[in-house]
Amino acid sequence: MNVEKKPNLLIFMTDHQRWDMAPPFKRAFTPNLDRFAKEAAIFTEAYCPAPHCCPSRATFFTGLYPTEHGVWNNVEVGNTLSRGLYDNTRLWSDDLREAGYRLFYTGKWHVSAEETPADRGWEMTYPVYECKKSEGHRIPPDPYEWEKYYGQPGICKGEEPRMEAQIIRPGYPLYVQYGERENPFNDGTVVENAVRTILQREASEKPWCHFVGTLGPHDPYYVPKRFLDMYNIEDIKLPEDFYDSMENKPALYRRTKDRYSQLTEMEHRKSILHYLAFCTYEDHLFGELLKALEQKGELEDTIVIYTSDHGDYVGEHGLWAKGLPCFNSAYHIPLLIRRPGSGGIKGEQINHFVTLADMAPTILEMLEIRADRSFSGYSLVPLLEGQKPVNWRSEIYTQTNGNELYGIQRSVMTKEWKYVYNGFDYDELYHLTEDPHQMYNLIGDPRYDGVVREMCMKLWRFAYEHKDVCINPYIMVAHAPYGPGIIFEENL
Amino acid sequence: MNFVFFFPDEMSASSVSCYGNPTVKMPNYDRLAEEGVRFENCLVQNPVCSPSRCSLMTGLYVHNMGHRSLWHLLRTHEPSLFRYLKNAGYDIQWFGKNDLYSQEYLDEICGDIEEKRNGYRTRPSRKHGHVHGWTNPYQLEDPKYYSFLFSPVEDDGEEAALDEEIARAIDYLNNWKEGDKPFMLFLPIIMPHAPYDALERFHNMYDPALLKDHLVQPEETSGKPSYVELIRKYRRLDQLEPEFMAKVYATYLGMNSYVDFLLGELMNTLDEKRLFKNTTLIASSDHGDWYGNYGLVEKWPNAMDDMLLRVPLLIKTPGNKAGHVVGEQVELFDIMPTVLELAGIKAGHTHFAQSLVPQLGGEAGDLERYVFAEGGYDNQDERCFEYQPRGNGLLNEKNIYYPKVMQQKEYPQSVCRTTMIRSLTNKLVLRTSGENELYDLVKDMKECNNVYHDKGYSEVRAALEAQMLRWYIRTADTVPLNDDYRSFSTRGM
Numbered sequence: 000m001n002v003e004k005k006p007n008l009l010i011f012m013t014d015h016q017r018w019d020m021a022p023p024f025k026r027a028f029t030p031n032l033d034r035f036a037k038e039a040a041i042f043t044e045a046y047c048p049a050p051h052c053c054p055s056r057a058t059f060f061t062g063l064y065p066t067e068h069g070v071w072n073n074v075e076v077g078n079t080l081s082r083g084l085y086d087n088t089r090l091w092s093d094d095l096r097e098a099g100y101r102l103f104y105t106g107k108w109h110v111s112a113e114e115t116p117a118d119r120g121w122e123m124t125y126p127v128y129e130c131k132k133s134e135g136h137r138i139p140p141d142p143y144e145w146e147k148y149y150g151q152p153g154i155c156k157g158e159e160p161r162m163e164a165q166i167i168r169p170g171y172p173l174y175v176q177y178g179e180r181e182n183p184f185n186d187g188t189v190v191e192n193a194v195r196t197i198l199q200r201e202a203s204e205k206p207w208c209h210f211v212g213t214l215g216p217h218d219p220y221y222v223p224k225r226f227l228d229m230y231n232i233e234d235i236k237l238p239e240d241f242y243d244s245m246e247n248k249p250a251l252y253r254r255t256k257d258r259y260s261q262l263t264e265m266e267h268r269k270s271i272l273h274y275l276a277f278c279t280y281e282d283h284l285f286g287e288l289l290k291a292l293e294q295k296g297e298l299e300d301t302i303v304i305y306t307s308d309h310g311d312y313v314g315e316h317g318l319w320a321k322g323l324p325c326f327n328s329a330y331h332i333p334l335l336i337r338r339p340g341s342g343g344i345k346g347e348q349i350n351h352f353v354t355l356a357d358m359a360p361t362i363l364e365m366l367e368i369r370a371d372r373s374f375s376g377y378s379l380v381p382l383l384e385g386q387k388p389v390n391w392r393s394e395i396y397t398q399t400n401g402n403e404l405y406g407i408q409r410s411v412m413t414k415e416w417k418y419v420y421n422g423f424d425y426d427e428l429y430h431l432t433e434d435p436h437q438m439y440n441l442i443g444d445p446r447y448d449g450v451v452r453e454m455c456m457k458l459w460r461f462a463y464e465h466k467d468v469c470i471n472p473y474i475m476v477a478h479a480p481y482g483p484g485i486i487f488e489e490n491l
Numbered sequence: 000m001n002f003v004f005f006f007p008d009e010m011s012a013s014s015v016s017c018y019g020n021p022t023v024k025m026p027n028y029d030r031l032a033e034e035g036v037r038f039e040n041c042l043v044q045n046p047v048c049s050p051s052r053c054s055l056m057t058g059l060y061v062h063n064m065g066h067r068s069l070w071h072l073l074r075t076h077e078p079s080l081f082r083y084l085k086n087a088g089y090d091i092q093w094f095g096k097n098d099l100y101s102q103e104y105l106d107e108i109c110g111d112i113e114e115k116r117n118g119y120r121t122r123p124s125r126k127h128g129h130v131h132g133w134t135n136p137y138q139l140e141d142p143k144y145y146s147f148l149f150s151p152v153e154d155d156g157e158e159a160a161l162d163e164e165i166a167r168a169i170d171y172l173n174n175w176k177e178g179d180k181p182f183m184l185f186l187p188i189i190m191p192h193a194p195y196d197a198l199e200r201f202h203n204m205y206d207p208a209l210l211k212d213h214l215v216q217p218e219e220t221s222g223k224p225s226y227v228e229l230i231r232k233y234r235r236l237d238q239l240e241p242e243f244m245a246k247v248y249a250t251y252l253g254m255n256s257y258v259d260f261l262l263g264e265l266m267n268t269l270d271e272k273r274l275f276k277n278t279t280l281i282a283s284s285d286h287g288d289w290y291g292n293y294g295l296v297e298k299w300p301n302a303m304d305d306m307l308l309r310v311p312l313l314i315k316t317p318g319n320k321a322g323h324v325v326g327e328q329v330e331l332f333d334i335m336p337t338v339l340e341l342a343g344i345k346a347g348h349t350h351f352a353q354s355l356v357p358q359l360g361g362e363a364g365d366l367e368r369y370v371f372a373e374g375g376y377d378n379q380d381e382r383c384f385e386y387q388p389r390g391n392g393l394l395n396e397k398n399i400y401y402p403k404v405m406q407q408k409e410y411p412q413s414v415c416r417t418t419m420i421r422s423l424t425n426k427l428v429l430r431t432s433g434e435n436e437l438y439d440l441v442k443d444m445k446e447c448n449n450v451y452h453d454k455g456y457s458e459v460r461a462a463l464e465a466q467m468l469r470w471y472i473r474t475a476d477t478v479p480l481n482d483d484y485r486s487f488s489t490r491g492m
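The listed protein sequences correspond, in order, to chains A and B. In case it helps, numbering that gives the first Met the number 0 puts the first sequence at residues 0 to 491. In case it helps, numbering that gives the first Met the number 0 puts the second sequence at residues 0 to 492.
Next comes the structure, spelled out in structure tokens:
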């Protein structure tokens with residue numbers, strides 16, 4: 000197909016948004032998404048590969064897992080594991096650009112500290128910035144991190160009284176979990192700029208791809224008042240698993256819960272309210288984008304994708320935000336894809352396991368652009384067409400080497416079981432069909448030894464196939480109940 | 000004289016192009032047959048990997064040293080071909096699996112044993128990757144789960160990836176120069192051993208629809224030992240259609256074409272380096288595979304069908320009679336004295352193999368020669384049974400060998416000690432369980448009808464039994480070549 004006939008592509012990616020904040024689950028008011036969902040394919044089992052923005056976004060753009068693209072945690076912190084992608088890693092936007100697409104980038108990138116979207120051929124509409132390249136030399140990290148502490152009046156002493164929504168940590172900046180604010184994280188401005196870009200974009204024969212990335216509903220949850228007013232605190236309940244003491248789970252999970260224990264139950268509920276309202280705010284912004292498309296008369300020629308980079312615990316097990324606690328809510332994201340035209344799935348749910356690694360091959364296939372390489376995800380086009388392939392994946396895998404600080408973890412999940420290998424503590428095994436909230440860690444129970452072996456088999460095969468090298472057999476670190484060697488079986 | 004010993008695992012002669020298989024394309028094996036010498040009837044001494052290899056490298060039968068299982072390998076007190084070569088100044092370059100020597104013996108033979116144990120630090124230059132044995136597409140509940148038919152291996156459509164071992168071998172040949180030590184390049188690669196899969200373009204090379212009638216169906220046989228039915232039951236093969244077995248056959252042939260491609264890459268390198276003028280190339284295998292015949296797959300420790308025992312043997316050596324075919328029977332372990340003679344080395348122990356050098360020069364073989372094979376184990380051979388716990392996960396029902404080990408556990412007699420004697424016209428198989436076989440290889444080449452109890456063959460049977468007894472007397476033991484001092488004497492010390 001000539002590039003002139005290809006559809007446009009609009010992607011709206013929020014940050015920290017769980018799957019159940021979108022249709023059909025609708026824990027939050029999302030009138031624009033509800034309307035949008037009537038014409039979209041709704042993926043109910045979509046997952047990101049890592050519990051953090053940077054690796055997940057890198058996976059979104061490359062179709063590869065963190066072990067393959069090299070982005071592990073926050074690319075901007077001094078102790079980052081990676082400032083950017085491995086050399087010569089292609090993004091799907093490279094293929095689009097080469098095929099003649101115009102590329103527009105508005106909002107959050109956070110894929111690399113070595114390159115900006117402009118370095119990849121995107122026109123950055125807002126914000127526009129450059130980054131300081133390290134040129135590959137090994138230099139000590141710039142200790143600018145200390146500026147957060149030095150001479151800052153916001154550092155807690157430990158004696159001050161705790162006010163609502165605050166978490167006091169002596170020697171650390173004061174943390175306030177929620178509040179009221181207009182234009183939080185500048186998201187309003189980002190979308191305003193995106194809307195202007197859409198309306199003022201010059202007509203051309205060449206189709207466009209526009210990525211719009213907001214920061215909401217990322218913590219801390221500061222939301223404009225009119226969205227908070229849409230919710231009633233009486234209707235907000237704590238999640239069932241809030242009271243999980245996590246005695247049988249890694250000590251690190253309990254430690255993070257201890258922080259949040261400073262908040263009262265009412266404050267947790269208010270946090271939930273703020274989070275829901277934040278999702279409604281993001282839905283409102285999404286609505287603005289769709290309105291702009293409609294106004295411009297481009298809605299019929301544009302594929303629209305709504306998704307997020309990872310989830311948020313939102314009070315589950317007493318936790319917030321995301322991190323090493325390997326609960327599904329940190330990974331389970333919304334994914335809605337609306338294609339123009341009358342064919343394919345519209346307004347229906349697709350329950351197959353999908354991951355952000357699927358986006359690259361999907362986008363390329365939807366736009367009929369051939370790639371010169373294979374991806375670690377699958378194209379979702381057969382699912383979008385209404386097919387139900389029998390050989391679809393039956394597991395979801397996650398990879399993290401720790402957010403901000405470090406910790407090795409790999410997990411594999413089927414519809415029935417979830418196994419988490421922790422390099423920093425004991426492992427976890429959950430029987431999801433009986434224990435969907437992951438309350439009871441069955442690791443160590445000899446009755447499930449067979450299951451653990453099978454899950455280890457899957458985990459290490461995935462590791463082998465995706466070039467994972469966190470497999471050192473040194474006696475002090477190699478603690479998996481069944482190590483990587485089990486995947487190579489004996490011949491008789 | 001250098002040696003390249005190309006030794007794919009589990010390749011039956013009947014599945015090779017130049018041995019008359021009507022379907023498979025193996026142009027490099029064909030070239031080897033045209034330029035070298037082909038042995039039409041080469042029989043191995045045991046149908047299982049390690050026992051066959053132990054015989055091959057010693058020139059001794061199973062009954063001499065008791066190598067009956069995968070876990071009883073050559074120990075340092077035993078002689079072997081590679082020790083003779085090494086002591087004569089050869090560089091033993093080994094790229095492939097072990098299943099031959101004990102750990103201590105490996106230390107003596109392999110210069111790169113540390114890399115073999117801990118992993119090579121460098122990658123081979125040629126494109127290589129995972130080429131075999133990866134994904135079982137069936138669920139455990141599906142009878143096909145235990146069939147050994149796996150999914151095709153991902154193929155990027157570009158240059159075919161080499162087996163990593165062959166890629167290393169090619170690097171070795173490319174780096175070798177005149178003045179370096181002479182080499183024995185030993186290439187015991189895994190394919191076409193089950194599971195049945197290969198790079199997609201090879202996996203799907205042959206059409207199963209055309210192959211269904213080429214397989215011997217179980218209904219066409221009579222008098223086969225009980226292990227046949229048991230294997231079919233345990234492995235759930237009796238629930239599979241002949242069309243499925245044809246797929247197994249087609250995939251197995253695809254694997255052979257891939258192995259042929261690897262041989263081609265080796266031969267190209269030998270051509271480019273002009274090494275053929277002082278190198279002998281040997282291509283053979285340690286045993287075969289049923290690949291769907293008789294409704295069976297892979298092999299069985301005491302089965303003596305030609306499908307499992309008859310392997311290709313092709314040898315190209317400078318000055319040989321090109322295109323010569325030897326129809327008379329030879330035994331796999333004849334490779335040992337053949338290599339020794341070509342290298343100008345004498346064996347330091349009594350053995351029963353015969354050098355094939357005269358045949359390489361164009362002579363015929365020995366029409367009167369009988370060949371022998373042994374296999375299986377009885378109660379006294381406790382450690383041989385494949386179900387013995389060795390921490391290798393075989394007793395897990397998800398393991399593809401689970402049916403095999405369970406059958407041995409529950410029906411130990413079905414894998415009992417067995418001995419075979421074969422002439423060009425007949426084959427006799429005797430078992431301690433009493434399930435004996437006799438085949439008229441002239442009238443019944445495919446060994447469908449067991450005539451052991453047939454009165455018409457009682458003379459043939461008696462003659463073969465007598466020959467087998469004579470052979471046991473002749474080869475039961477070997478005497479050391481050197482003497483001991485008889486009396487109490489300091490001179491003996």
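Don't be surprised by glycine CBs; every beta carbon is placed ideally from N, CA and C.
Heavy atom of the ligand MN within 6 Å of residue i beta-carbon
{"i": "Ile-334 (chain B)", "result": "Of ligands this structure carries none, so the ligand MN is not represented either."}
Residue span of the alpha helix (DSSP H) that contains residue i, given as start and end
{"i": "Cys-455 (chain A)", "result": "448-464"}
Per-residue DSSP class, three states only, for residue i
{"i": "Val-313 (chain A)", "result": "coil"}
{"i": "Arg-421 (chain B)", "result": "strand"}
{"i": "Val-450 (chain B)", "result": "coil"}
{"i": "Phe-24 (chain A)", "result": "coil"}
{"i": "Val-2 (chain A)", "result": "helix"}
{"i": "Thr-354 (chain A)", "result": "strand"}
Residue-level contact to chain A via CB, residue i, 7 Å cutoff
{"i": "Tyr-400 (chain B)", "result": "yes"}
{"i": "His-493 (chain B)", "result": "Any property of residue 493 (chain B) remains undetermined from this structure, which presents chain B solely from 0 to 492."}
{"i": "Asn-117 (chain B)", "result": "no"}
{"i": "Glu-199 (chain B)", "result": "no"}
{"i": "Asn-135 (chain B)", "result": "no"}
{"i": "Asn-255 (chain B)", "result": "no"}
Test: residue i CB closer than 7 Å to a CB of chain B
{"i": "Glu-489 (chain A)", "result": "yes"}
Endpoints, the beta strand (DSSP E) within which residue i is located
{"i": "Asn-7 (chain A)", "result": "7-13"}
{"i": "Tyr-337 (chain A)", "result": "Note that residue 337 (chain A) is Arg in the sequence shown here, rather than Tyr. Element bounds for Arg-337 (chain A): 331-337."}
{"i": "Thr-278 (chain B)", "result": "278-282"}
Short Cβ contact (7 Å threshold) for residue i with residue j
{"i": "Phe-241 (chain A)", "j": "Gly-310 (chain A)", "result": "no"}
{"i": "Thr-250 (chain B)", "j": "His-192 (chain B)", "result": "no"}
{"i": "Lys-276 (chain B)", "j": "Leu-31 (chain B)", "result": "no"}
{"i": "Arg-421 (chain B)", "j": "Thr-431 (chain B)", "result": "no"}
{"i": "Asn-27 (chain B)", "j": "Thr-278 (chain B)", "result": "no"}
{"i": "Ile-349 (chain A)", "j": "Phe-42 (chain A)", "result": "yes"}
{"i": "Lys-272 (chain B)", "j": "Pro-241 (chain B)", "result": "no"}
Check each residue of the stretch 326-351 of chain B: if its Cβ is closer than 7 Å to any Cβ of chain E, include it; give the result in chain order. No chain E is part of this structure, whose protein chains are labelled A and B.
Could you list the residues in the stretch 443-473 of chain A with a C-beta less than 9 Å from some C-beta on chain B, going in chain order? Gly-449, Arg-452, Glu-453, Met-456, Arg-460, Tyr-463 and Glu-464
Please name the residues in the stretch 365-388 of chain A whose beta-carbon is closer than 8 Å to at least one beta-carbon of chain B, in chain order. Ser-373
Under 8 Å, CB to CB, which of the residues in the stretch 69-81 of chain B have a partner in chain A? Leu-69
Interface positions of the stretch 382-398 of chain B facing chain A (Cβ-Cβ less than 8 Å), listed along the chain: Glu-385, Asn-391, Gly-392, Leu-393, Asn-395, Lys-397 and Asn-398
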